[in-house]
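1470 is the number that the numbering used here gives to position 229 of the sequence shown; each next residue is one higher, with no gaps.
Every residue, glycine too, gets a C-beta built ideally from N, C-alpha and C.
Predicted model, so just to flag it, every value in this text is computed and none were measured.
Everything on this sheet refers to the single structure shown next.
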Amino acid sequence: MIKVCKFGGTSMADGTMMKRVASIIHSDDARRYVVVSAPGKRYGGDVKITDLLYRCYDSVKENGTCGEAFEKIKERFRGIVAELGLSFDIESVLEETAREIEAEKSADFTASRGEYLSARVMAALLGFDFIDARDVVKFRPDGQLDDERTFYLTAAALKGKRYAVVSGFYGEDADGRVKTFSRGGSDVSGAIVARAVMADLYENWTDVSGFLACDPRIVDNPERIASMSYKELRELSYMGANVLHSESIFPVRAANIPICIKNTFRPTDEGTMILPISKYNYTGKIVTGIAGKKNFTVIFIEKSLMNAEIGFARKVLSVLEKYHVSFEHMPSGIDTMSFVIDSEELKNGVKEQLMEEIRREVSPDNLHAFDDVALIATVGHGMSKNVGTSAKLFDAIARAGINVRMIDQGSSELNIIVGVDNENCERAIRAIYEEFFKKDASFGL
Ligand code: ASP
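As structure tokens, then:
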């Protein structure tokens, strides 16, 4: 049995937390490969090491030196090593790191040093080998992960090593320079290691006991999700349920490795299991989780007989491509087509130019855009097994007096997405939660 354990920033925040992590690892001999984040916040208002490093980079850009922010980083790591009572020579590693940051002058290199340092400290604490992610995680020239090469190199580096600590969050690009994933990317690193060693389980240790059925800032005490499928996870995390980086399932999915979300503060809590559909047992729930995201724009195009006009969609899509605008959803009707786009992408006059060009290209009868739309995804395999799910969902939203601006039901019946005005987002989520979790939560009731 092999378990790969990834510990997030809160789990690595200080020496006390790192000791806790070490005891979790030592309590189970299957926990052989460990991936770590940089030390995160120790208390509300504290600053994550990664954020301090981005400040260092700003200082390097402005005046060539790491500056004040690096002093804070030094203090944090000195404190950690002292608290752990390690003989590890942190001073020289920190000095060398500062020199490298100043020489490299790269935001990604600078940011990656948090994970580099915490992995070195953790390896010293556990007595495990240290593997620098730079040597094994490789990106292609287009910036995407070079998965085959990465899995091969990671597997080769870990072969014959019974225990190891791998730094999270970064790798190396095609030019041999350090490149990071997007924020929270150590989750992806953990999944890569799990895949490379063909782990039986990928444990992702964080500061919550798994996924909740919806955001606890919106609904008081929502239910914990005991298990869900990769597909459900993908839908929920893409829509803003941010316990796990949304790209972290790809490596493990390819090898059917389950993920377990665990809480470092409460290690005996069960957490949430995320399983391939083949291992997923239907729990009887209609809805597994609800997630919402704000600030979308819907561009709505109407033209009679658009269905008969060959090349209509291609022309519209070429306009989006020309302006480098990607869309999230494309609900369509007989004579209508609409695009749901992150409003950020349409800033600085892009929206107006794009609409003008669509008008020229396809001469629609009607073309308009509405902003400030929130998307709410109601997700669950159970929805396809139960008659009347969408009726219930829309009824709940209607009873709350909320106007639905857009509907998109994926063909898999795993997900129903509704668009509402930003200001109604929280109320709509509450209404849906009430409907499916409080009133009629399970199959057959
Ligand atoms: N330290 C990085 C961040 O704060 C990556 C990670 O923790 O996964 O985003």
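1. Taking the continuous alpha helix (DSSP H) assigned at Val1377, which residues delimit it?
2. According to DSSP, Phe1537 sits in a beta bridge with which residue or residues?
3. Please report the straight-line C-alpha distance between Thr1251 and Asp1270, rounded to a whole angstrom.
4. Which same chain residues end up closer than 7 Å to His1486 when comparing Cβ atoms and leaving out the 5 residues on each side of it in sequence?
5. Which residue from Met1258, Tyr1674 and Cys1246 puts its Cα closest to that of Arg1465?
6. In chain order, what are the residue ranges of uninterrupted beta strand (DSSP E) at least 3 long that sit wholly in the region 1368-1407?
7. Take the Cβ of Asp1255 as the centre, count every other Cβ of all protein chains shown within 10 Å, and call the residue buried at 16 or more, exposed below.
8. Helix, strand or coil for Ser1430? Go by DSSP, reduced to three states.
9. Using a Cβ-Cβ cut-off of 6 Å (strictly less than) and excluding sequence neighbours within five positions of Ala1682, which residues of its own chain qualify?
10. Could you give the distance in angstroms between the alpha-carbon of Lys1302 and the alpha-carbon of Ile1266?
11. For the beta strand (DSSP E) that Asp1662 lies in, which residues bound it at each end?
12. For Tyr1443 versus Ile1500, is the C-beta spacing smaller than 7 Å?
13. Is it buried or exposed for Val1434, if we count other Cβ within 10 angstroms and need 16 for buried?
14. Secondary structure at Leu1516, three-state DSSP: helix, strand or coil?
15. Assuming Leu1608 and Gly1660 make a contact with CB atoms under 8 Å, what is their CB distance in whole Å?
16. Apply the 10 Å Cβ neighbour rule to Ile1518 and answer buried if 16 or more other Cβ atoms are within range, or exposed otherwise.
17. Measure the beta-carbon distance from Val1438 to Val1245 and round it to whole angstroms, keeping in mind my assumption that it falls under 8 Å.
18. Work out the CA separation of Lys1588 and Met1547 for me, nearest whole Å.
19. Compute every distance between the C-beta of Ala1374 and the non-hydrogen atoms of ligand 1, then say whether any falls below 6 Å.
20. With a cut-off of 8 Å, do at least 3 Cβ pairs link the region 1385-1397 to the region 1311-1326?
21. Expressed to the nearest angstrom, what Euclidean distance is found between the alpha-carbon atoms of Lys1247 and His1622?
22. Spell out a yes or no on whether the region 1636-1655 and the region 1589-1600 are touching, meaning 3 or more CB-CB pairs, one atom from each, closer than 8 Å.
23. When you compare the region 1308-1319 with the region 1442-1459, are there three or more beta-carbon pairs, one atom per stretch, that lie closer than 8 Å?
24. Note down, in chain order, each residue of its chain lying with its Cβ closer than 6 Å to the Cβ of Asn1536, except the 5 sequence neighbours on either side.
25. Determine whether the Cβ of Lys1247 lies closer than 7 Å to any Cβ atom of chain B.
26. By the three-class DSSP mapping on this structure, what secondary structure does Glu1332 have?
27. Determine which residues share a DSSP beta bridge with Thr1619 and list them.
Let's see:
1. Ala1374 to Val1377
2. Asp1583 and Val1614
3. 23 Å
4. Taken in chain order, the residues that qualify are Gly1425, Gly1426, Asp1428 and Val1429.
5. Tyr1674
6. 1370-1372
7. buried
8. In this structure, Ser1430 counts as helix in the three-state DSSP scheme.
9. With a pLDDT of only 48 at Ala1682, under the threshold of 50, the placement of this residue in the model should not be trusted; the figure read from the coordinates follows. So no residue of the chain qualifies.
10. 40 Å
11. Asn1656 to Asp1662
12. Ile1500 sits close to Tyr1443, with the two beta carbons spaced by under 7 Å.
13. buried
14. strand
15. Actually they are not in contact, since the Cβ atoms of Leu1608 and Gly1660 sit about 18 Å apart, beyond 8 Å.
16. exposed
17. 7 Å
18. 28 Å
19. For Ala1374, the Cβ stays outside the 6 Å cut-off from all heavy atoms of ligand 1.
20. no
21. 28 Å
22. As far as the Cβ criterion goes, the region 1636-1655 does not touch the region 1589-1600, which means the pair count is below three.
23. They do not touch, by the three-pair rule.
24. Ser1584
25. Included in the structure is just one protein chain, with no chain B present.
26. helix
27. Ile1531 and Ile1657
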